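First up is the structure itself, then whatever we jot down about it.
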């Protein structure tokens, strides 16, 4: 007896390799024919679009010397944005009056967050009214607002 073991035979009737190859080649040929047939149609549509489309707006592009048409509402939009961000940052990080007549001030946001952590947030009582926060910790005195500081 040989030591090779039993000979393994494979199923040969599941798929016909020649038929699958023919279908694949047929699909590839059909796709190529359709693509070649569509090329003149696409070129015609592109030329028609270029003839009928309006010209681009005069502001298009990134030429620094180019200006928007009148009326120009913002001369330097990026400069305006940077100035706004600087004003906002100054308000978030400084002391100042919100309403001096009523005694309402603003404090830096970092200080306000520390105070909320120390004192906690007020909770609603069962009757719907706000209850005082539980055991507020003593806060260090805040420096007086800078004269002329506005929000």
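Numbering (this note's numbering), first residue to last: 158 to 308.
For every residue, glycine included, the Cβ atom is placed at its ideal position computed from N, Cα and C.
None of these values were measured; they are calculated from a predicted model.
Residue from the options with nearest C-alpha to residue i
{"i": "residue 254", "options": "196, 178, 263, 281", "result": "263"}
{"i": "residue 268", "options": "239, 231, 252", "result": "252"}
Same chain, Cβ closer than 6 angstroms to residue i, five either side skipped, listed in chain order
{"i": "residue 250", "result": "265"}
Sequence-distant residues of the same chain with beta carbon closer than 7 angstroms to residue i, five excluded per side
{"i": "residue 247", "result": "none"}
{"i": "residue 242", "result": "none"}
{"i": "residue 164", "result": "none"}
Cβ shell of residue i (< 8 angstroms), same chain only, five flanking positions each side left out
{"i": "residue 171", "result": "none"}
{"i": "residue 307", "result": "Confidence at residue 307 is low in this model, with a pLDDT of 49, below 50, so the placement of that residue should be treated as unreliable; the coordinate-derived value is given next. Taken in chain order, the residues that qualify are 253, 254."}
* To do: Quick one: which unbroken alpha helix (DSSP H) runs of 4-plus residues sit fully inside the segment 167-208? Chain order, please.
  => Taken in chain order, the complete alpha helix (DSSP H) segments of 4 or more residues contained in the segment 167-208 number zero; there are none.
* Mind listing, in chain order, the continuous beta strand (DSSP E) runs of no fewer than 3 residues lying wholly within the segment 229-294? => Counting only runs of 3 or more, we get 253-256, 261-263.
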